[in-house]
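Sequence lines, in order, name chains B, F, G, W, V and Z. Using my numbering, the letters of the first sequence map in sequence onto residues 1173 to 1321. Using my numbering, the letters of the second sequence map in sequence onto residues 1173 to 1321. Using my numbering, the letters of the third sequence map in sequence onto residues 1173 to 1321. Using my numbering, the letters of the fourth sequence map in sequence onto residues 1173 to 1321. Using my numbering, the letters of the fifth sequence map in sequence onto residues 1173 to 1321. Using my numbering, the letters of the sixth sequence map in sequence onto residues 1173 to 1321. Think of the CB as a built atom: it goes at the ideal place given N, C-alpha and C, for glycine as much as any other residue. Note that the structure is a prediction, hence the values are computed from the model and not measured.
Protein chains: 6
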Amino acid sequence: MVDQPHRPIGKSALQLVLATSEEQEALVETIESAGYQTCLGKTGSMELQKVVSAIETAAKRQGLIDQSLYREMHALYHAILEAVQGVTRGQAQLGDVMRTVGLKFVIVRGIAYENQAEGEWIAVALYGTIGAPVRGLEHETAGLGINHI
Amino acid sequence: MVDQPHRPIGKSALQLVLATSEEQEALVETIESAGYQTCLGKTGSMELQKVVSAIETAAKRQGLIDQSLYREMHALYHAILEAVQGVTRGQAQLGDVMRTVGLKFVIVRGIAYENQAEGEWIAVALYGTIGAPVRGLEHETAGLGINHI
Amino acid sequence: MVDQPHRPIGKSALQLVLATSEEQEALVETIESAGYQTCLGKTGSMELQKVVSAIETAAKRQGLIDQSLYREMHALYHAILEAVQGVTRGQAQLGDVMRTVGLKFVIVRGIAYENQAEGEWIAVALYGTIGAPVRGLEHETAGLGINHI
Amino acid sequence: MVDQPHRPIGKSALQLVLATSEEQEALVETIESAGYQTCLGKTGSMELQKVVSAIETAAKRQGLIDQSLYREMHALYHAILEAVQGVTRGQAQLGDVMRTVGLKFVIVRGIAYENQAEGEWIAVALYGTIGAPVRGLEHETAGLGINHI
Amino acid sequence: MVDQPHRPIGKSALQLVLATSEEQEALVETIESAGYQTCLGKTGSMELQKVVSAIETAAKRQGLIDQSLYREMHALYHAILEAVQGVTRGQAQLGDVMRTVGLKFVIVRGIAYENQAEGEWIAVALYGTIGAPVRGLEHETAGLGINHI
Amino acid sequence: MVDQPHRPIGKSALQLVLATSEEQEALVETIESAGYQTCLGKTGSMELQKVVSAIETAAKRQGLIDQSLYREMHALYHAILEAVQGVTRGQAQLGDVMRTVGLKFVIVRGIAYENQAEGEWIAVALYGTIGAPVRGLEHETAGLGINHI
Ligand SMILES: [Mg+2]
Ligand SMILES: [Mg+2]
Ligand SMILES: [Mg+2]
Ligand SMILES: [Mg+2]
Ligand SMILES: [Mg+2]
Ligand SMILES: [Mg+2]
């Protein structure tokens, strides 16, 4: 029987991306004690390419992903793209449609199902603002991507 | 100067949709004391139509939306569709591509910017699972839609 | 030199689909005297399939399209789909996302460029309302598709 | 009961964007005497960003939109994006897929429903040509976006 | 160094889906001697759901996928969806936009990179016809999806 | 009765784009003896624009398309865009979502149906790799677009 564990990987990523800097440390500890690895960062740009790149780079630098293995990069890449869909809601575009984002991102990796044979999964959560390239002309946005790794 | 208030509307909706039933009551109180109205519910289906409909119905029944005003229904509808994009990540389809969802939803409505002239906004947050119509063959999914009302 | 003729095919289709029943007859005459064939109709449904089908059937019945030739059906089909994109704006879906349309449609066919070698083109214009399946909870919508035939 | 007024906002915008320079003045007068504000302009580019920006700038300069209010900018922005969907029919992209547009645009703002409580709405209509970046290798295109404001 | 093997997984799947029944047997042998598992089938429908389901069922019945492991089903599912994008080219829809498909499908699974640490990958290739639900009013279509498993 | 000929245009294009340089010459001959014209080339870029442009330029230079006729350019353009959908599977974007392609392309043009009145059709087949802008971090991809000309 395949079941969600007590601490779901996607919820962990979303909670961490929503956490204030004060809440962050304790939450990372809780998530990591559930067997997950975590990685946090910030990125902001009118170029979607830079958003994708910032998340990939953080994952590689913080050792969440083995960059010598394409299968790991591939799993992360599709999880990022899925999270970006939630942020852009219909057209995976930023500057091309005259908008910019300021985002926090969280990546969580680990055993996500009670059945150990399900292996490792990866979750990418994004949260921040999207709007015109003018301070204040923006509203919140979020996205979650999940993949097997 | 337009600024985010201390309690952002989207983050409120996301936190509430992630909350356990124990955490829910206190969080609703916190969010409502910040001047927002909230509405919670659950929906699960292979038909996207039923998901949209369940959220609309809850918003009308719980008085979050004045259903005699099209502009309120229109604001809610587009916020729902944007949240659905995060859940479906690319194709706003469920049964048509052989998948089903089990979702919690939260709607939050109220003054979302410090500048009162910005008026009311609405946020729709979705969180749950998406996958094959077989128990366990599913992973988490989330979405957030925001609109002026 | 390839140039637009005095009466562009797409503008003709859009003007006709916007015309009142009083304006219609004179406008059809003007458009047809410019060498075009025209076809008008109405369709309304929560099923996109019925919208596509209604336009195809009208084109066949009114002889605008030779239904024994796939290339003519193919040209019309893609022009319809492009017009539907304007109507649905992002997701070519109606009932699946809990909305319905009431549309007038116009098809115009004929030589559309001054260079006769450009041959015949086809334009499909749609105009009407889209919204919740409740009278009044709807706003206007339009679309234009153009193809060589 | 919510009803369309005698002069629908979307049809007004479409008729004005289709009007010749001779017809324009009288039509603006008719539309404005129905209680609407109007704004017209032209834009052409291989960069979608410039199209969006040109429409936003015209709306701000001509006072159709209060640029100090995000809710007004937000309403306009989504109306523009919806109109762009009609123009691009499936992929909101221009130069990236090697095509360019030459467009007239019209924005109409005002009370659009008989029920005054429905408040103000905004319509963005686009009409022009789309095609290869070579003169003559192009066909007509149009789009309509509508939003509450 | 990560390199494509002598027999790429995607090309194998495409060649097999294009093969005549006479060519099929020898090609399966060649592909399987390169260390891949293969699975072939046919499906035709106006319902996309049935297409997805037919491919999943064949993969399970022929033992290409361990249906007790969600990660295997998940890898296959996304590979199918990607192949469907090639078949539908823009809108993952069939009957909803009044069209039907008749498809051959091939699934290939195995070590796809020289670096054994890249593990197993899966390729789904589709080839057949798409068109109106009338015999002959159709043209060819194809798609390829690839995923790590 | 409209029927597929012995050598389908799309399958011809796909087989040729999959052929090794040794197989190519004989296959071109077979396809051309079936009455088709063919054109082959290679293109690689992070800019989708360059991919589209490379295919258009090859078609013009090799005389497969009469570039003085917009209807021929239009038919080719939409066939290219449809093939690109198969390659990009959901978002017709490359560098914007931090990926690059290395592609072979084949264009085939000619009578594709037994009924000569169906006239000429055009097929565009793409095959190669897509992935991160790092050698080896890529998998195969393919697309097929077909249009009447
Ligand atoms: Mg998934
Ligand atoms: Mg928005
Ligand atoms: Mg076109
Ligand atoms: Mg709307
Ligand atoms: Mg991939
Ligand atoms: Mg077609």
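Legend entry - DSSP beta-bridge partners of Glu1312(V): Thr1301(V)
Inset, instruction - Within 10 angstroms of the Cβ of Thr1229(B), are there 16 or more other Cβ atoms? Answer buried if so, exposed if not. - result: exposed
Inset, instruction - Sort out for me which residues DSSP pairs Gly1339(Z) with in a bridge. - result: Coverage of chain Z is limited to positions 1173 through 1321, which leaves residue 1339(Z) absent and any answer about it impossible.
Legend entry - CA-to-CA distance, Glu1254(Z) to Ser1240(F), given in whole angstroms: 44 Å
Legend entry - Minimum Cβ-Cβ distance from Leu1253(W) to chain B less than 8 Å: yes
Inset, instruction - Report the partner residues of Val1273(W) according to the DSSP bridge assignment. - result: Ser1217(W), Ile1302(W)
Legend entry - Arg1307(F), buried or exposed, once every other Cβ within 10 Å from all chains shown has been counted against 16: Classification of Arg1307(F): exposed, given that the 10 Å Cβ count is below 16.
Legend entry - Any chain Z beta carbon closer than 8 Å to Asp1175(W): Because the pLDDT of Asp1175(W) is 43, which lies under 50, any placement of that residue in the model is unreliable, and the number read from its coordinates should be weighed accordingly. So, not an interface residue.
Inset, instruction - Would you check whether ligand 2 has a heavy atom nearer than 7 Å to the C-beta of His1246(F)? - result: no
Legend entry - Distance between beta carbons of Arg1281(G) and Ala1321(G), contact taken as under 8 Å: Looking at the sequence provided, one finds Ile at residue 1321(G) rather than Ala. That belief holds up - the Cβ atoms of Ile1321(G) and Arg1281(G) are roughly 7 Å apart, short of 8 Å.
Inset, instruction - Report whether the distance from the Cβ of Ile1181(B) to the nearest heavy atom of ligand 1 is below 7 Å. - result: no
Legend entry - Within chain Z, partners of Leu1220(B) - CB distance below 7 Å: Asp1268, Val1269
Inset, instruction - Could you tell me if the beta carbon of Ile1318(Z) falls within a distance shorter than 7 Å of some heavy atom in ligand 6? - result: Taking 7 Å as the cut-off, the C-beta of Ile1318(Z) counts as close to a heavy atom of ligand 6.
Legend entry - Contact between the segment 1256–1263 of chain W and the segment 1250–1264 of chain G (3+ Cβ pairs under 8 Å): Yes: the two stretches touch, three or more of their Cβ pairs being nearer than 8 Å.
Legend entry - Ser1225(B) at chain Z interface by Cβ criterion, 8 Å: yes
Inset, instruction - Could you tell me which chain G residues have their CB closer than 9 Å to the CB of Ala1295(Z), listed as they occur along the chain? - result: Under the 9 Å cutoff, chain G gives no residues; its nearest Cβ is about 13 Å from Ala1295(Z).
Legend entry - Residue-chain proximity (Lys1214(F), chain B), Cβ-Cβ < 8 Å: no
Legend entry - Assigned secondary structure, His1402(B) (DSSP; H/G/I helix, E/B strand, else coil): In the structure as shown, chain B starts at 1173 and stops at 1321, and residue 1402(B) therefore has no counterpart that could be examined.
Inset, instruction - Assess, as a yes-or-no matter, whether the segment 1286–1305 of chain Z is touched by the segment 1296–1306 of chain B under the definition of 3 or more beta carbon pairs within less than 8 Å. - result: no
Inset, instruction - Tell me where the alpha helix (DSSP H) around Gly1258(V) begins and ends. - result: Segment 1242–1260, the alpha helix (DSSP H) holding Gly1258(V).
Legend entry - Distance, Met1218(F) Cα to Arg1179(G) Cα: Going from the Cα of Arg1179(G) to the Cα of Met1218(F) covers about 48 Å.
Inset, instruction - Return helix, strand or coil for Asp1175(W), following the three-state DSSP convention. - result: At Asp1175(W) the pLDDT is 43, less than 50, meaning the model places this residue with poor confidence; the figure from the coordinates comes in the next sentence. In the three-state reduction of the DSSP assignment, Asp1175(W) falls in the coil class, being assigned neither a helical nor a strand state.
Inset, instruction - Check whether the Cβ of His1311(G) lies closer than 7 Å to any heavy atom of ligand 4, and answer yes or no. - result: yes
Inset, instruction - With a threshold of 7 Å, establish whether the CB of His1250(F) neighbours any heavy atom of ligand 4. - result: The answer is yes for His1250(F).
Inset, instruction - Report back the beta-carbon spacing between Ala1185(W) and Val1269(W) to the nearest angstrom; my notes put them in contact at under 8 Å. - result: With 8 Å as the limit, Ala1185(W) and Val1269(W) do not qualify as a contact, their Cβ atoms being about 27 Å apart.
Inset, instruction - Find the nearest neighbour of Val1189(V) within the set Met1245(V), Gln1263(V), Gly1274(V), Ser1205(V), judged by alpha-carbon distance. - result: Gly1274(V)
Inset, instruction - Could you list which residues in chain G have their beta carbon closer than 8 Å to that of Glu1290(Z), in chain order? - result: Leu1241, Tyr1242, Arg1243
Inset, instruction - Assuming Thr1215(W) and Ile1227(W) form a contact by the criterion Cβ under 8 Å, report the distance between their Cβ atoms to the nearest whole angstrom. - result: Confirmed, about 7 Å.
Legend entry - Selection from Gly1291(Z), Thr1192(Z), Glu1286(Z) that minimises the alpha carbon distance to Ala1247(G): Gly1291(Z)
Legend entry - Rounded distance between the beta-carbons of Gly1182(B) and Ala1295(B), thought under 8 Å: Ala1295(B) to Gly1182(B), Cβ: 5 Å. Contact.
Legend entry - DSSP three-state assignment for Gln1325(F), whether helix, strand or coil: No information on residue 1325(F) is available, as it lies outside the stretch 1173 to 1321 that chain F covers here.
Inset, instruction - Please work out which residues of its chain come closer than 6 Å, Cβ to Cβ, to Val1223(W), disregarding the five sequence neighbours upstream and downstream, and give them in chain order. - result: Scanning its chain for C-beta atoms nearer than 6 Å, with the 5 sequence neighbours on each side dropped, one finds around Val1223(W) the residues Thr1215, Ser1217, in chain order.
Inset, instruction - Taking Ala1314(F) as the query, report the chain V residues whose CB atoms sit under 9 Å from its CB, ordered along the chain. - result: The contacting residues do not exist; Ala1314(F) stays about 17 Å from chain V at best.
Legend entry - Length of the line joining the Cα atoms of Asp1175(B) and Tyr1285(B): Confidence in Asp1175(B) is poor, its pLDDT being 43 and thus under 50, which makes the residue's placement too unreliable to answer from.
Legend entry - Alpha-carbon spacing of Ala1231(F) relative to Tyr1208(W), whole angstroms: 31 Å
Legend entry - Any C-beta of chain G under 8 Å from that of Gly1274(V): no
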